[in-house]
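Take the sequence shown: its letter number 194 is residue 194 in UniProt numbering, and every next letter is one higher.
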Amino acid sequence: MWARPSQLLRRGIIGMNRRNIRYIGRYNSRRLYPLVDDKLKTKLLAEQYGITTPALIGTVTTQFEVKRVGNMIAGHDGFAIKPAKGSGGKGILVIERVDHDGFVKPSGAKLSLEDLHRHISNILSGLYSLGGAPDVAMIEALINFDEKLSEYTYEGVPDIRVIVFRGYPVMAMMRLSTAASDGKANLHQGAVGVGLDIATGTAVRGVQFDRSRRDHPDTGHELASLRIPDWTNLLELAASCYEMTGLGYLGTDMVIDRNRGPMLLELNARPGLAIQMANGEGLRSRLDLVEKQSDRLSVKERVTFAQRHFARRGELKDLPEPELAPTCVNT
1 MWARPSQLLR
11 RGIIGMNRRN
21 IRYIGRYNSR
31 RLYPLVDDKL
41 KTKLLAEQYG
51 ITTPALIGTV
61 TTQFEVKRVG
71 NMIAGHDGFA
81 IKPAKGSGGK
91 GILVIERVDH
101 DGFVKPSGAK
111 LSLEDLHRHI
121 SNILSGLYSL
131 GGAPDVAMIE
141 ALINFDEKLS
151 EYTYEGVPDI
161 RVIVFRGYPV
171 MAMMRLSTAA
181 SDGKANLHQG
191 AVGVGLDIAT
201 GTAVRGVQFD
211 RSRRDHPDTG
221 HELASLRIPD
231 WTNLLELAAS
241 CYEMTGLGYL
251 GTDMVIDRNR
261 GPMLLELNAR
271 PGLAIQMANG
281 EGLRSRLDLV
291 EKQSDRLSVK
301 ERVTFAQRHF
311 ARRGELKDLP
321 EPELAPTCVN
331 T
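In structure tokens:
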């Protein structure tokens, strides 16, 4: 069954039109977009603000430098190659380990050094960048994600999207890679989205392909027990991105590293709306409440406010048979 627009409005679901005009258009200055549209700029800015990000092994900016990649990655057991201006996970190549036969992806597929050269050349040519503009290839150290989360994901690192509005974390979800999503944490490709309680970081609802679910489709592990470690620290890290960028409506993508704790992966000035489906709740009431609050509070005070006012009880333990999740419309 499809939800009527009137039902979505009553549940506070916002659509793309309202998001673009009411929030992005009002609170995000376009001159600040390059700070988040370019992952290399984001990383360098985060270092200035003391925000932890994956270690940068090196960058490739010209085709002439491509042949030097072998020396750059020598001694690293694994790494990720990313386009600085990519979006939606496009162009990200993860090498889990290196052996005498070549470079091994999480799926077990093996690549040669020539394959890496070809992929980096495609990045530089703008194959994966916004608007097809020439790009820069970033090579980062792998994230050693917390082993407690390994049963909730398939061949990929689970990440946490937090929507931050005027410096307040208002809604969060974890994205779990699946076989259908080819090991990528992309909901549109078949990853599982798990809504998270802002107060505690525990799972409140799961969704895949617009349908509710209670377990991971590949590992079979139930989702009700999912709880993000070091949750308050992660929220404070996400909330501090408001001061770092000056953007009032922001999507922060975070990961949990077993050694370094919460880390910032990237930022998005135009975050998607599927987070509402994962949470089974609309953003509007939370955004309306934050608009009435002071923007002069500290990061800790804003996080405390969010945890107090946006707490949710989980639905997973008593969830009925799989149902269609709400579908966003242009409202």
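Every residue gets a Cβ at the ideal spot worked out from N, C-alpha and C, and that includes glycine.
Cβ separation of residue i and residue j, assumed to be a contact under 8 Å, to the nearest whole Å
{"i": "Gly-86", "j": "Ser-129", "result": "6 Å"}
{"i": "Leu-237", "j": "Val-194", "result": "So it is not a contact: roughly 19 Å between Cβ atoms."}
{"i": "Ala-191", "j": "Ser-177", "result": "5 Å"}
{"i": "Ala-203", "j": "Gly-314", "result": "6 Å"}
{"i": "Arg-27", "j": "Tyr-168", "result": "Looking at the sequence shown, residue 27 is not Arg but Tyr. At roughly 12 Å, the Cβ-Cβ gap does not stay under 8 Å, so Tyr-27 and Tyr-168 are not in contact."}
{"i": "Ile-228", "j": "Met-171", "result": "Incorrect: roughly 14 Å between the Cβ atoms, too far for contact."}
{"i": "residue 345", "j": "Gly-12", "result": "A question about residue 345 goes unanswered here, because the residues of the chain that appear run from 1 up to 331."}
{"i": "Glu-140", "j": "Ala-84", "result": "11 Å between Cβ atoms; not a contact."}
{"i": "Leu-247", "j": "Ala-274", "result": "Not a contact, Cβ separation roughly 20 Å."}
{"i": "Lys-184", "j": "Met-138", "result": "So it is not a contact: roughly 17 Å between Cβ atoms."}
Residue i burial status per 10 Å Cβ neighbour count (16 or more: buried)
{"i": "Tyr-23", "result": "buried"}
{"i": "Ser-181", "result": "buried"}
{"i": "Thr-42", "result": "buried"}
{"i": "Ile-21", "result": "exposed"}
{"i": "Asp-197", "result": "buried"}
{"i": "Glu-114", "result": "exposed"}
{"i": "Gln-63", "result": "exposed"}
{"i": "Asn-233", "result": "exposed"}
{"i": "Leu-235", "result": "buried"}
{"i": "Arg-19", "result": "buried"}
{"i": "His-119", "result": "buried"}
{"i": "Asp-38", "result": "buried"}
{"i": "Thr-245", "result": "buried"}
Three-way DSSP call (helix, strand, coil) for residue i in this model
{"i": "Leu-45", "result": "helix"}
{"i": "Ser-129", "result": "strand"}
{"i": "Arg-11", "result": "coil"}
{"i": "Phe-64", "result": "helix"}
{"i": "Asn-186", "result": "coil"}
{"i": "residue 332", "result": "The structure shown does not extend to residue 332, since the chain spans only 1 to 331, so no value can be given for it."}
{"i": "Leu-234", "result": "helix"}
{"i": "Asp-37", "result": "helix"}
{"i": "Phe-305", "result": "helix"}
{"i": "Ile-143", "result": "coil"}
{"i": "Arg-26", "result": "helix"}
{"i": "Leu-111", "result": "strand"}
{"i": "Leu-250", "result": "strand"}
{"i": "Ile-57", "result": "strand"}
{"i": "Glu-70", "result": "Sequence check: residue 70 is Gly here, not Glu. The answer is helix: DSSP assigns Gly-70 an H, G or I state."}
{"i": "Val-104", "result": "strand"}
Bridge partner(s) assigned by DSSP for residue i
{"i": "Lys-300", "result": "Per DSSP, none; premise fails for Lys-300."}
{"i": "Gln-208", "result": "Arg-211"}
{"i": "Pro-169", "result": "Val-164"}
{"i": "Thr-202", "result": "Arg-227"}
Chain B contact for residue i (CB, 7 Å cutoff)
{"i": "Gln-276", "result": "Structure shown: chain B not included; a single protein chain is present."}
Next on the checklist: Does the segment 151-164 come into contact with the segment 251-263, if we say contact requires no fewer than three beta-carbon pairs (one atom in each stretch) closer than 8 Å?
Outcome noted: yes
Item to check | At least 3 beta-carbon pairs within less than 8 Å: the segment 200-218 vs the segment 124-143 | outcome: Not touching, per the Cβ criterion.
Next on the checklist: Under 8 Å, with one C-beta from each stretch per pair, do the segment 20-37 and the segment 300-315 reach the 3-pair mark?
Outcome noted: no
Next on the checklist: Does the contact criterion of 3 or more C-beta pairs under 8 Å hold for the segment 38-57 versus the segment 237-249?
Outcome noted: yes
Item to check | Stretch-stretch touch, CB-based, cutoff 8 Å, three pairs: the segment 142-158 with the segment 120-127 | outcome: no
Next on the checklist: Can you confirm whether the segment 71-81 touches the segment 91-99 when touching is taken to mean that 3 or more C-beta pairs between the two stretches lie within less than 8 Å?
Outcome noted: yes
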